[in-house]
Structures are given as structure tokens and as C-alpha cells.
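Colleague:
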Amino acid sequence: MGCVSVLLTQHCIRRHRRLAYTGLDPSIIDALPTFVYSEIKKDGMISLECAVCLNEFENAETLRLLPKCCHVFHPDCIEAWLSAHFTCPVCRSNLAPKPDAVEPEPADSVGVNDSILDVV
């Protein structure tokens, strides 16, 4: 029994490590919005440098925006980061899509196990 337990534990550890280093699906990363830095720098609401490579943004550069937290990055930098992580490198906002919530079916009728007791 001890050998089976050890093998099961090793399997779980390996599986956890594989899942822990898997990032966002490439289609989700590609769907993140992009824009030219010079178009939005006048607002003064975004960072002046990429938090991944630490280089300053230049006027003609295309940047990629993370809509959940509004942080911006060089596309290559954030794509590399998100291929290995589910979070924003600045604020750690979880960027993984939430699974669709399943709504419970309405109770149209009383089932066999449902009963109403009238107490007189």
C-alpha cells in the first residue's frame, strides 16, 4: 500500500507543477486590445514604461492593454509573460476567463422526494 501512495503523491506533484506553469490560451492573449502609445499618453493615466522589460514606451509603439486592470505592456513582453502566467505582472489580477455559470433549473413540479406536511 505504501508504494501506491508514493506513486500517487509523485503523480499529483508532477501534475500540479505542469498546471502551475501553464499560462493563458494564445487565443485569449491575441484577443487583448492594442493601441499606439502616442494616442493615449496625453491622458496621463498609463505607465511610462513596460513593467516586464522596464523600457520606456515610445510614441509610435503599439502596446497591449489588460482590460481587467488597465495596465499596458509591449505586446511581445506581455505575450511571453501570459504564456506562463494567468495574472497581470503588476497587480496580479487574475486574467483567466471564468467558467460559464450554470444556472439551476427552475422547480416546475414537486418531485417524489418533495413533500408538504399539513399539521392540523
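Be aware that the sequence shown starts at 1, since it is given in UniProt numbering, and climbs by one per residue. Glycine is no exception: its CB is placed at the ideal position from the N, C-alpha and C atoms.
1. In the DSSP assignment, find the unbroken alpha helix (DSSP H) run with residue 82 in it and report its ends.
2. How long is the line joining the alpha carbons of residue 62 and residue 93, rounded to whole angstroms?
3. Taking the DSSP output, what are the residues bridged to residue 71?
4. Quick one: Cα of residue 73 to Cα of residue 57, how far?
5. Would the beta-carbon of residue 86 fall within 8 Å of that of residue 32?
Modeller: Taking the geometry as given:
1. The count along the sequence shown starts at 1 and reaches residue 82 at position 82. 75-82 is the span of the alpha helix (DSSP H), which, as asked, contains residue 82.
2. Locating residue 62 in the sequence shown gives position 62, counting from the first residue. Locating residue 93 in the sequence shown gives position 93, counting from the first residue. So the alpha carbons of these two residues sit roughly 22 Å apart.
3. The count along the sequence shown starts at 1 and reaches residue 71 at position 71. Per DSSP, 66.
4. For this step, residue 73 is matched to residue 73 along the sequence shown. For this step, residue 57 is matched to residue 57 along the sequence shown. Computed Cα separation, rounded: 9 Å.
5. Position 86 of the sequence shown, counted from the first residue, corresponds to residue 86. Position 32 of the sequence shown, counted from the first residue, corresponds to residue 32. Not in contact: residue 86 and residue 32 (Cβ atoms no closer than 8 Å).
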